[in-house]
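Numbering (the UniProt record's numbering), first residue to last: 1 to 142. All C-beta atoms, glycine included, are put in the ideal place defined by N, C-alpha and C. Please read these numbers as outputs of a predicted model, since none were measured by experiment.
Now the structure itself:
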């Protein structure tokens, strides 16, 4: 089961009458608040550096390490999919994008990138639908 990751701050003046409602609204969203794991953050940074240096296999190994520890880590799933796409392994990339989207169905970039990968496999119409959804999410239309 995938949890939502919320990073942000609610700023309200003490005593403001909407404060209780805002807190209730936040709690009612049933979001999972997580602390960042420094080991995972370091592995993600190192994997990104490997990807940028063209060492795709080492990047994949690092993303797999993160996914093994945190199977719902959207950043690792999405980034792994991007590396697989760069390597030309489109079918596995699509599976990783799907896993990322199961965890975060509002991830505009994952929708867009999955669409681009689908188009590379000849699935042009399906890819275009995903690209449009990604753009709509990014624009706040959905």
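Task: Span of the alpha helix (DSSP H), counted from its first residue to its last, around residue 134 - done: Annotation: the continuous alpha helix (DSSP H) that includes residue 134 extends over 124–139.
Task: Local Cβ density within 10 Å of residue 35, reported as buried at 16 or more and exposed below that - done: exposed
Open item on the list: Tell me the DSSP secondary structure of residue 106 in three-state form.
Closed with: coil
TODO: Quick one: using the 10 Å Cβ neighbour count with 16 as the cut-off for buried, is residue 117 buried or exposed?
DONE: buried
Task: Reduced DSSP category for residue 38 - H, G, I as helix; E, B as strand; rest coil - done: helix
TODO: Determine the closest residue to residue 62 out of 114, 124, 47, 129, with distance taken between C-alpha atoms.
DONE: 47
- [ ] Name the two residues that bound the continuous alpha helix (DSSP H) containing residue 76.
- [x] 74–86
TODO: Measure the CB-CB distance between residue 73 and residue 113 and report whether it falls below 8 Å.
DONE: It is not a contact, given that the beta carbons lie outside the stated cut-off.
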